[in-house]
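Working notes, structure below.
Residue numbers (this note's numbering): 10 to 107.
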């Protein structure tokens, strides 16, 4: 069994070693399954020990879902968000969350 009470620390320590990250592939995989979220212009990159979210989404609701997902996987201290909301209708004003 991968996770048990006797060596739970050992199961997680490998992914926290310097230079080893599971955050980028995990976030990219989970983005594919977000319902009602257009992630076609979202890029996930690694920069040192940080995960960088870059690109654009059509609504602040979608942006919030993506950021929440990344925070849950990698931790809010490890996320750099450089995304911008570009609304599909012209009555909304674009904004950037940095």
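Note that CB positions come from ideal geometry on N, CA and C, so glycine has one too.
**Prompt:** How about residue 89 and residue 61: are their beta carbons less than 7 Å apart?
**Reply:** yes
**Item:** Nearest residue (CA-CA) to residue 32, options 57, 71, 91
**Value:** 57
**Straight-line Cα distance separating residue 36 from residue 43** = 11 Å
**Asked** Cβ of residue 63 within 7 Å of Cβ of residue 77?
**Response** no
**Prompt:** Hey, out of 75, 49, 68, whose CA is closest to residue 97's CA?
**Reply:** 68
**Request:** Decide if residue 38 is buried, meaning its Cβ has at least 16 other Cβ atoms within 10 Å, or exposed.
**Result:** exposed
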